[in-house]
Amino acid sequence: MSKKTNVPFESNVSLNLGEINITTGVLESIAAKAASEVEGVYKLHASVQNEIGGFVTRSRDRIGVKVRREENAIVIDTEIRLQYGFSVPEVAIKVQERVKEQILFMTDLVVQEVNVHVVSIETEPASEQEYLHLDEEFEDGETFE
Numbered sequence: 001m002s003k004k005t006n007v008p009f010e011s012n013v014s015l016n017l018g019e020i021n022i023t024t025g026v027l028e029s030i031a032a033k034a035a036s037e038v039e040g041v042y043k044l045h046a047s048v049q050n051e052i053g054g055f056v057t058r059s060r061d062r063i064g065v066k067v068r069r070e071e072n073a074i075v076i077d078t079e080i081r082l083q084y085g086f087s088v089p090e091v092a093i094k095v096q097e098r099v100k101e102q103i104l105f106m107t108d109l110v111v112q113e114v115n116v117h118v119v120s121i122e123t124e125p126a127s128e129q130e131y132l133h134l135d136e137e138f139e140d141g142e143t144f145e
């Protein structure tokens, strides 16, 4: 069961209206949504322990994102599954950029690091894959023989 942690919100505007705290669960939800919207991400990966524990605890523990605070920095770890055919480095960089961008936009908090852990490559079911048939012509008119 994860520990509920607050991340203090620090703004450049001083209104003295009170304190704003954002829980790590909110940051995890934002990061998960942002990562899942990147083209090439099949879905976020949650460990078996989190999957089983998610039935008893909060569902956010199952989303494949962990937020932690190291000194004055926010560090985010994501575990993702990629769709087959996409460049691993390109998708990972897009995930990092998208997560940082959305957290900054929605919370005004700067994320120091987004670590992307690619845990698998997912292929389409066999019935949906395109196969090259030996009797078909190639684009240049040649046939495979």
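First residue of the sequence shown: 1, per UniProt numbering; consecutive thereafter. Quick reminder that beta carbons are idealized off the backbone N, C-alpha and C, glycines included. None of these values were measured; they are calculated from a predicted model.
Span separating the alpha-carbon of residue i from that of residue j
i    : j    : result
K94  : V38  : 7 Å
S120 : Y84  : 9 Å
T107 : F86  : 30 Å
L109 : V91  : 23 Å
E97  : V26  : 18 Å
V67  : G18  : 24 Å
Q102 : V111 : 10 Å
G64  : K100 : 16 Å
N16  : T23  : 21 Å
N72  : F105 : 19 Å
G40  : T78  : 15 Å
R69  : S36  : 23 Å
I74  : I30  : 14 Å
Nearest-angstrom beta carbon gap, residue j and residue i [assumed within contact, 8 Å]
i    : j   : result
V114 : I80 : That belief does not hold up - the Cβ atoms of V114 and I80 are roughly 11 Å apart, past 8 Å.
A32  : L44 : 6 Å
Buried/exposed call for residue i, threshold 16 Cβ in 10 Å
i           : result
T123        : exposed
residue 146 : Lying before the first or after the last residue shown, residue 146 is absent from the chain, which here runs from 1 to 145.
V88         : exposed
E28         : buried
L82         : buried
Three-state class that DSSP yields for residue i in the structure shown
i    : result
E19  : coil
V110 : coil
V38  : coil
S120 : strand
E71  : coil
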